[in-house]
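Protein chains in written order, with my numbering: chain A, 852 to 1223; chain B, 852 to 1223.
Protein chains: 2
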Amino acid sequence: MSRGSGLNMSRRIRRSPYTDRVEQCGVRGFTVVNHMLLPKAFQPSVEDDYWHLREHVQIWDVATQRQVSVSGPDAAQLVQWMTPRDISRARIGQCLYVPLVDEHGGMINDPVLLKLAEDHFWLSIADSDVLLWAKGLALGRGFDVRIEEPDVSPLAIQGPRAEDLMARVFGPAIRDVGFFEFAWFDFLDTRQLIARSGYSKQGGFEIYLQGGHLGSTLWDELWQAGGRFNITPGCPNLIERIEAGLLSYGNEFTLQNNPLECGLAHYCSVDGSVDYIGRDALQEIAQSGVERLMRGVLFDGGPVQTVAAPLPVFVGDQQVGQVTSGIWSPRLQRNVGLSMIERGYWDAGQDIEVRDTAGVDRPGSVSLLPFE
Amino acid sequence: MSRGSGLNMSRRIRRSPYTDRVEQCGVRGFTVVNHMLLPKAFQPSVEDDYWHLREHVQIWDVATQRQVSVSGPDAAQLVQWMTPRDISRARIGQCLYVPLVDEHGGMINDPVLLKLAEDHFWLSIADSDVLLWAKGLALGRGFDVRIEEPDVSPLAIQGPRAEDLMARVFGPAIRDVGFFEFAWFDFLDTRQLIARSGYSKQGGFEIYLQGGHLGSTLWDELWQAGGRFNITPGCPNLIERIEAGLLSYGNEFTLQNNPLECGLAHYCSVDGSVDYIGRDALQEIAQSGVERLMRGVLFDGGPVQTVAAPLPVFVGDQQVGQVTSGIWSPRLQRNVGLSMIERGYWDAGQDIEVRDTAGVDRPGSVSLLPFE
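Set out below in structure tokens:
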């Protein structure tokens, strides 16, 4: 199967405020997230893109990270009900990675929560309609909240030179923003929320642009200022994200998975001190122990890249996992992948075999995440 | 802007049970609906596809029409709460087109409802996560229901020869299935639900295949039997669907639109006899009258085809609408489009102008739907 195919456009597949610029930069492919275009390829290769991201700075259209705004008297109560993570001590100006689960503990989404005020939150979401989930819960329970998708379109600046570039455009105060914190900065007579965050481990910021009509202007400002830092257009990089152990909803996990097996136990309160949807289910799973656990796998042979179908992982004749995202790491000079691994086989160093699309079993081993 | 661009594949963009066959048939493009691939182009042109659909028979992978199964003691109560359409007299074996709206009357989706039993329904959905909406409502309100996405993947047989083809594969009893009704038929020791329905006005059936592993076998059986009827692979045809006045969620309307302005008043009870989410809002809108109404527009000049951006519709200097889906009709020898038109301008025959992507205003007129 080819890695890509034609994508037919329509109003239903929304353009972002940055799509014009992305096209002018010669984007070579998109995917669709939250009914919106996400660029997926610019550089000659994913490898070129990877090395550049580790050394310089990139500008990413991540407007598909739509915001679900929850505000009003019952906002905090609703948000806490939606996540196993204890948010009672969250501060205004803080970003929190929050698994959302259903009554069986199944993953609904894994957004970043931004606390704007005691009674106002944004959920910056992965690919599922959290807006409908939140609205349904609120309407059913009779919560006094307002839930909407505001005109907010994140633009990411990622890479080791991100801070220097951002300081040139938004001033030196940007350097004081801590990791997974946000603050407000001036841009063309508007106030814009900027967080130190992003879907890479190379450092950087996300500008939660309010006002889509400013998209091209914001892009151009950053692009111009970025010239001295060797800026290029980019997008979440498959090699970098796998090496960093960053998961993708719909790829590594779905509604059929619970956050504990996803390796997100750290974000789940299971001691009974917090009440949320799926608490009983997660407590039960925590007590009996998970059946499988998110791990990395390293495996031999020539470069692979997963597309639609996961690659089965075996120990002897027994399937113990499936590589849901996998690719050649030019740095480690091996293939790297993400896979949940069955209990009894998930220790680091466990020998496994990954069956490639040609049916060849490739020797490999289980690794902790992130990869070293 | 080009009509298509590369689509990058991943597990998150789900393949359907028919995608293997669709690729073997030389599909030239996809779109993404409900996190799954929907084929969008096979024939040399949309026009070739259009004429073939009107004269012969086609096989369409419409597995993206995912089912939201609602069952249990409170199933009927939940489903009625979700739609303005009175379903109290719905019969088992019936299909009903049901707008789903939120508390403001905004469109959540416009699925086909299949009543399988007094306490079991399927919602065959357009492109939004109705599963999360229904689960949220049920959980919030404490309804005793089970809500899930079953392993059901519709395959459509459309066109004037559809009935003859289906009778060869499933037996003559298929001819007795009425429009928007369904019945159960044998296929390889399984019982399969087949409805007389589909996203065209050329007649046909949809097989709600239960068991994705049977996908290729079902496709092959129909393909072989269809040889004598000049079967081709197809997909919802933009010309045919616009001429027929068939709307597309996300294109013609969104959460920002109410069903009355979408031209769906016929499916909305506003006399107070039925209780549902958004009833007060719809009653108010019905009383004051809608601000705009779904219409067809016919317009001159060379062939156009809408992609992402709607085409503005003017009367003099005033914008009175936007063509959200539009294309050249080889039968009418004019461009046809779907547009909501502002009050005061929606009468059939009203002169309008449609501004194309080059900025040229093209003379045209308002039409009732479907186009003659």
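Don't be surprised by glycine CBs; every beta carbon is placed ideally from N, CA and C.
For residue 919 of chain B, no chain A residue has a Cβ inside 7 Å of its Cβ, as the nearest lies near 11 Å away.
Look at residue 919 of chain B here: in three-state DSSP terms it is strand.
Residue environment for residue 976 of chain B: buried (at least 16 other C-beta atoms within 10 angstroms of its C-beta). Taking the beta carbon of residue 1102 of chain B as reference, the chain A residues within 9 Å of it are 861, 862 and 863, listed in sequence order. Taking C-alpha positions only, residue 1033 of chain A is separated from residue 1220 of chain A by approximately 26 Å. The Cβ atoms of residue 1060 of chain B and residue 1073 of chain B do not sit closer than 8 Å to each other. Around residue 1099 of chain A, the beta-carbon contacts reaching into chain B at under 8 Å are 861 and 863. The region 1075-1086 of chain B and the region 1105-1120 of chain B do not touch, with fewer than 3 CB-CB distances between them shorter than 8 Å.
Residue 968 of chain B sits exposed, since fewer than 16 C-beta atoms from the chains shown fall within 10 Å of its C-beta. For chain A, the residues of the region 876-902 of chain B that bring a beta carbon within less than 7 Å of one of its beta carbons are 879, 880, 881, 882, 883, 886, 891 and 892, in chain order. At a Cβ-Cβ threshold of 8 Å, residue 955 of chain A and residue 1129 of chain A count as neighbours. DSSP links residue 986 of chain A through a beta bridge to no other residue. Think of a sphere of 8 Å around the beta carbon of residue 984 of chain B: the chain A residues whose beta carbon falls inside it are 980, 983, 984, 986 and 987, in chain order.
For the options A/1187, A/1121 and A/1080, the alpha carbon positioned closest to that of residue 1150 of chain A is the one of A/1187. For residue 1138 of chain B, the enclosing alpha helix (DSSP H) begins and ends at 1130-1139.
In the structure shown, residue 1165 of chain A falls within a strand segment according to DSSP collapsed to helix, strand and coil. Uninterrupted beta strand (DSSP E) stretches at least 3 residues long and entirely within the region 1144-1204 of chain A occur at 1162-1166, 1169-1180 and 1185-1193, given in chain order. Beta-bridge annotation (DSSP): residue 912 of chain B is paired with B/1006. For the set A/1206, A/1049 and A/1202, the Cα lying nearest the Cα of residue 1177 of chain A is the one of A/1206. Beta-bridge analysis with DSSP links residue 966 of chain B to B/972.
Within 7 Å of the CB of residue 1175 of chain A, the CB atoms of chain B belong to 862, in sequence order along the chain. Between residue 1174 of chain B and residue 1164 of chain B, the CB-CB gap stays under 8 Å. About 6 Å separates the CB atoms of residue 888 of chain B and residue 864 of chain B; that is less than 8 Å, so the two are in contact. Against chain A, the beta carbon of residue 1128 of chain B has neighbours under 8 Å at 990, listed in chain order.
Contact annotation for residue 858 of chain B against chain A: 855, 856, 857, 858, 859, 880, 881, 882, 883 and 891 [CB-CB distance below 9 Å, chain order].
Residue environment for residue 1223 of chain A: exposed (fewer than 16 other C-beta atoms within 10 angstroms of its C-beta). The beta carbons of residue 1095 of chain B and residue 1111 of chain B sit no closer together than 8 Å.
When beta bridges are read from the DSSP output, residue 952 of chain A appears opposite A/958. Taking each of B/1161, B/905 and B/883 in turn and checking the Cα distance to residue 862 of chain A, the smallest one comes out for B/1161. In terms of beta-carbon proximity, residue 1161 of chain A lines the interface with chain B, with at least one pair separated by less than 8 Å. In the three-state scheme derived from DSSP, where H, G and I count as helix and E and B as strand, residue 925 of chain A is classed as coil. Per the C-alpha coordinates, the member of A/882, A/928, A/944 and A/1029 positioned closest to residue 994 of chain A is A/928.
Secondary structure at residue 884 of chain A: strand, using DSSP grouped into helix, strand and coil. Taking all protein chains shown into account, residue 1041 of chain A has fewer than 16 neighbouring C-beta atoms within 10 Å of its C-beta and is therefore exposed. When the alpha-carbon of residue 858 of chain A is set against those of B/944, B/1154 and B/883, the nearest one is in B/883.
If you draw a straight line from the Cα of residue 959 of chain B to the Cα of residue 953 of chain B, it comes to about 6 Å.
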